[in-house]
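My numbering numbers the first residue of the sequence shown as 5 and each following residue consecutively.
These notes are about the structure you will find just below.
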Amino acid sequence: MSVRKLFELTGRKAIVTGGSRGLGLQIAEALGEMGAEVVIAARKAGELEQAREHLTNLDVVAHAIPADLGQPEGVERFANAALEHLGHCDILVNNAGTAWGAPAEDHPYEAWLKLINLNVNGVFLLTQAIGKRSMIPRGYGRILNVASIAGLRGNPVGGGETIAYNTSKGALVNFTRTLAGEWGRYGITVNALAPGFFPSKMTRATLAVYGERFKAATPLQRLGDDEDLQGAAVLLCSQAGKHISGQILAVDGGVTAVF
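Printed below as a string of structure tokens:
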């Protein structure tokens, strides 16, 4: 098979959660450009429909399904609807997530639960549903979790107070490794991207305060942009990545190489 063919996704069916903007939309664009039919999910129907229209304008076959993936019943409804649209799922990108900043001693328990429910529990439940109902029976699957370099280490002194977020992304890192070990026998690869500092709606407030400091501490002296996850996502979701599993790929401009 030619190298170009290894990266093609024509005929593949993909689900991207948190796909209405930011990193999720970036990944959905990449998978769609390579030929995949894509279902995107997010809570806000208006933003989600705008994203679907954007993908359609790029000649991507896309469906939008509003969903609250922080609730078990929301996950079940979404899994049913997504599989009804696609018929089956080859690629699952678990990108939906949220953040909260507060000192550990004052972090609200309700906020802690909100992050764990979406960033960890929702990922588990959706992956379990799609794996059990579609990937395992077909003996094929690509699961890509969007973690964070915040799940690989603590925060630098004075660099933010996000204990629940870091904890949830650390859980996602080991979820990825453990599931890769369990589901490899079914022909399913499980990997994660660990983005560094990317401008997004979720990071806007943090980057407004620490953006220049983060950039100066990054070996490449830049923040991530709208293209920086696309190639890595296609690699890990295509035949080009068929022998890569259980890996956490930091896309961070070199931050984790020096800290």
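Using N, Cα and C, we set each Cβ at its ideal position, and we do this for glycine too.
Remember, it's a predicted structure, so these values are computed and weren't measured experimentally.
Which residues DSSP lists as bridging residue i, in chain order
{"i": "Ala49", "result": "Ala49 is not bridged to any residue."}
{"i": "Lys17", "result": "Glu41"}
{"i": "Ile3", "result": "For residue 3 there is no data in the structure shown, the boundaries of the chain being 5 and 263."}
{"i": "Val255", "result": "Pro199"}
{"i": "Thr166", "result": "Ala106"}
C-beta atoms of residue i and residue j nearer than 7 Å
{"i": "Leu148", "j": "Val79", "result": "no"}
{"i": "Val238", "j": "Leu197", "result": "no"}
{"i": "Pro199", "j": "Ser152", "result": "yes"}
{"i": "Asn99", "j": "Ser172", "result": "no"}
{"i": "Ala184", "j": "Val177", "result": "no"}
{"i": "Val42", "j": "Leu35", "result": "yes"}
{"i": "Thr210", "j": "Gly164", "result": "yes"}
{"i": "Gly257", "j": "Leu224", "result": "yes"}
{"i": "Ser242", "j": "Phe82", "result": "no"}
{"i": "Ile248", "j": "Tyr190", "result": "no"}
{"i": "Gly158", "j": "Asn121", "result": "no"}
The beta strand (DSSP E) enclosing residue i, as first and last residue numbers
{"i": "Val65", "result": "No beta strand (DSSP E) contains Val65, which DSSP labels as neither H nor E."}
{"i": "Pro76", "result": "First-last for Pro76: 76-90, but that is the alpha helix (DSSP H), not the beta strand (DSSP E)."}
Residue interval of the alpha helix (DSSP H) (run including residue i)
{"i": "Leu10", "result": "7-10"}
{"i": "Val127", "result": "127-134"}
{"i": "Leu233", "result": "No alpha helix (DSSP H) holds Leu233; DSSP gives it neither H nor E."}
{"i": "Ala115", "result": "113-120"}
Rounded distance between the beta-carbons of residue j and residue i, thought under 8 Å
{"i": "Met38", "j": "Leu13", "result": "4 Å"}
{"i": "Gly155", "j": "Ile192", "result": "Actually they do not touch by this definition, with Cβ atoms about 21 Å apart."}
{"i": "Glu33", "j": "Gln234", "result": "7 Å"}
{"i": "Gly23", "j": "Ala55", "result": "6 Å"}
{"i": "Val259", "j": "Thr207", "result": "About 14 Å; that fails the 8 Å criterion."}
{"i": "Thr166", "j": "Gly105", "result": "5 Å"}
{"i": "Phe179", "j": "Val97", "result": "In fact, because the Cβ distance is near 14 Å, the residues do not count as touching under 8 Å."}
{"i": "Leu87", "j": "Arg137", "result": "7 Å"}
{"i": "Trp187", "j": "Gly143", "result": "11 Å between Cβ atoms; not a contact."}
**OP:** Decide yes or no for the touch test of the stretch 108-116 against the stretch 56-70: beta carbon pairs closer than 8 Å, at least 3 of them.
**Re:** Too few Cβ pairs lie closer than 8 Å, so no.
**OP:** Flag this pair as touching only if the stretch 22-32 and the stretch 224-241 have three or more C-beta atom pairs under 8 Å; answer yes or no.
**Re:** Pairwise C-beta distances place the stretch 22-32 in contact with the stretch 224-241, as three or more of them are shorter than 8 Å.
Original post:
Per the contact definition of three or more C-beta pairs closer than 8 Å, is the stretch 89-109 in contact with the stretch 13-20?
Top reply: The stretch 13-20 and the stretch 89-109 touch, with no fewer than 3 CB-CB distances between them shorter than 8 Å.
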